[in-house]
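Order-wise, the sequence lines are chains A and B. Counting in the working numbering, the first sequence runs from 1 upward without gaps. Counting in the working numbering, the second sequence runs from 1001 upward without gaps. Quick reminder that beta carbons are idealized off the backbone N, C-alpha and C, glycines included.
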Amino acid sequence: MTTEALIAAVDSADSPAALVEAVAALSAARTEAAIPTLIRVLGFNNPGAAVAAVRGLVQLGDVAVMPLLDRLDGYNYGARAWAIRALAEIGDPRSLEVLVAAAADFSLSVRRAAVRGLGFIEWDKLPPEAMAAAKGRSRQTLLAACDDPEWVVRYAAIVALEKLGKDVTLDGIRSRLETLATTDDTLAVRARAQVALD
Amino acid sequence: MNRDTDFSSAPSLTIDRAIANLQQTEDTGDRYYAAWWLGRFRVRDRAAIEALIAALEDTTDRSPDGGYPLRRNAAKALGKLGDRAAVSPLIECLHCDDYYVRESAAQALEQLGDRAAISPLLRLLEGGVEAAVRVPGKPYLVQPYEAAIEALGTIGATEAITEIEPFLAHSVEKVQYAAARALFQLTGKVEYGDRLVAALTGPKLQSRRAALLDLGAIGYEGAAEAIAKTFAENSLKLISLKGILEAHLERNDNAQIDDRAVEMMALMDSLL
């Protein structure tokens, strides 16, 4: 099928299951021309289709970053969560400020995705002189996220700090993880912090 | 489904203010909110518990369909507060003519976990599957079967196994799942857990969501990989896996983190 036909199939899908299939097929085509449609799907309130669209966008990688960032303000909250999830998984440093802002979003699923993403940015894409400041910004945001009222955001912060801490030795990460491992009120959070320390 | 919670917009109350709001009868909105607030912020003061128990018999706050909104909220709050003094009054609520009060009371009794609730809850199942039909013109069945069956499972009512078993074949999926969930808790047999796992690949999103939450609630380890692959929101899959991880850790000595726990966390990491 041509890309046009794959896009038409997404627009004419007549059931949630048909939509998921059509989006998966469009994602599998791995073509830049699919990007606007895949981004549109993020707002359809169909989690299966959104998962397939995010997968497609993440596989396309760098070329999807600017289209995602450019449309971010127009998204509803559900779509925003999926878009940030895509940006977080792509890990392009151009997303850094968007992820920092999203780490304080009112929606916990947006905070969760953004916080996770801050640990997995491809820092090597930055010029060497910009790297330390960018990592510091990420670290500062993640340490704050360790105090989030939602367990899943704290959990995501641990996963991100674990990755960031492997990248480079940054002040404060280990002691913060030690505190979470012993004093957090959620067992799953304590356990994940312990694994990050081991 | 948006499970995000936003309390920053909630008017802040003090404990005294909330109790006073609950005890006055002029403003039903303030009473309703106060009942929720006391539960949300786990206010376990004697005065709060007594005011909430009194609210279970409120007759002033009525919905257009004849329901008792304040009673529903008070029952929910009492479930969160964990005070056994609420058990008897909540059991009385199982006879209320408002379906939603009966449902909230059954859920609260599940949270309180008192075996005194077993017989009254079992009475809701009287007549079995044949009697468990929809109320004409309403979106619910004649009794809150789902809540009652789940409560019996959580309370550990092994004497209810025979009565619960037929509900595996009820026409409403959520009732089937409640039965599978309870029977897993009461017997530990994997066949019941596997029924819920099978539901994760069903065609309806609502049903997959219900099965995810049930599996997390019972901590059925065999479901972890299937949960991660389910077509549904990651938020729900994470809640489900958290339940399974924590149940697993609690079974280990000193919550020791073994290889299986690390596998479960890797699944959770992939969903963030």
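Per the C-alpha coordinates, the member of E1165(B), Q1206(B), A1169(B), H1170(B) positioned closest to Q1185(B) is E1165(B). Going by beta carbons, L126(A) and P93(A) fall inside the 8 Å limit. Distances from the CA of G1243(B) to each of E1233(B), I1218(B), S1104(B), L1013(B) were compared; the closest alpha carbon is that of I1218(B). Annotated three-state conformation of R1134(B) is strand, per DSSP. Under the 8 Å criterion on CB atoms, Q59(A) is classed as non-interfacial with respect to chain B.
Under the DSSP assignment, T3(A) falls in the alpha helix (DSSP H) whose first and last residues are 3-12.
For S1235(B), the closest Cβ of chain A is nearer than 8 Å. Exposed is the label assigned to P1139(B), since fewer than 16 other Cβ atoms lie within 10 Å of its Cβ. For I1257(B), a Cβ of chain A is located within less than 8 Å of the residue's own Cβ. Boundaries cannot be given for C146(A), as no alpha helix (DSSP H) includes it and DSSP labels it neither H nor E. For E1246(B), at least one C-beta of chain A is nearer than 8 Å to its own C-beta. In terms of CA proximity to L1094(B), R1071(B) leads the group T1028(B), R1071(B), G1082(B). Residues of chain B with a Cβ closer than 9 Å to the Cβ of R94(A) do not exist; the shortest Cβ-Cβ separation is about 21 Å.
A check of alpha carbon separations from A1085(B) across A1074(B), T1201(B), I1053(B) identifies I1053(B) as the nearest. One Cα belongs to T1059(B), the other to S1119(B), and the distance between them is close to 27 Å.
Assignment of L1141(B) by DSSP, reduced to helix, strand and coil, places it in the strand class.
DSSP places G117(A) in the uninterrupted alpha helix (DSSP H) bounded by 108-118. Neighbours of P1203(B) in chain A, taken as residues whose beta carbon is under 8 Å from its own, are A17 in chain order. Against chain A, a Cβ distance below 7 Å from A1261(B) picks out A191.
Residues N1234, L1238 of the same chain have their beta carbon placed closer than 8 Å to that of L1272(B), with the five preceding and five following residues left out of the count.
Annotation: Cβ neighbours of V195(A) in chain B (cutoff 7 Å, chain order): I1257, V1262, M1265.
Against chain B, the CB of R154(A) has no partner CB under 8 Å away; the residue lies outside that interface. Fully enclosed alpha helix (DSSP H) runs of no fewer than 4 residues occupy 1190-1199, 1205-1218, 1224-1229 of the stretch 1185-1237 of chain B, in order along the chain. A1147(B) and G1067(B) have their C-alpha atoms roughly 18 Å apart. Taking a contact to require three or more Cβ pairs closer than 8 Å, the stretch 1019-1032 of chain B and the stretch 181-196 of chain A do not qualify as touching.
For G48(A), the uninterrupted alpha helix (DSSP H) segment begins and ends at 47-60. For P1089(B), the enclosing alpha helix (DSSP H) begins and ends at 1087-1093. Cα atoms of L69(A) and A18(A): separation of roughly 28 Å, rounded to the nearest angstrom. A Cβ of chain B is located within less than 8 Å of the beta carbon of S109(A). For A1018(B), the uninterrupted alpha helix (DSSP H) segment begins and ends at 1015-1023. Taking a C-beta distance under 8 Å as the contact criterion, I39(A) and L60(A) do not qualify as a contact pair. Listed along chain A are V20, P47, G48, V51, each with a C-beta nearer than 8 Å to that of F1231(B). Under the criterion of beta carbons closer than 8 Å, L1141(B) and V1101(B) do not qualify as touching, at roughly 15 Å. Residues of chain A with a Cβ closer than 7 Å to the Cβ of D1269(B) are, in chain order, V159. Its Cα nearest to that of D1194(B), the residue A1182(B) stands out among A1182(B), L1205(B), I1257(B). Collapsing the DSSP output to three states places N76(A) in coil.
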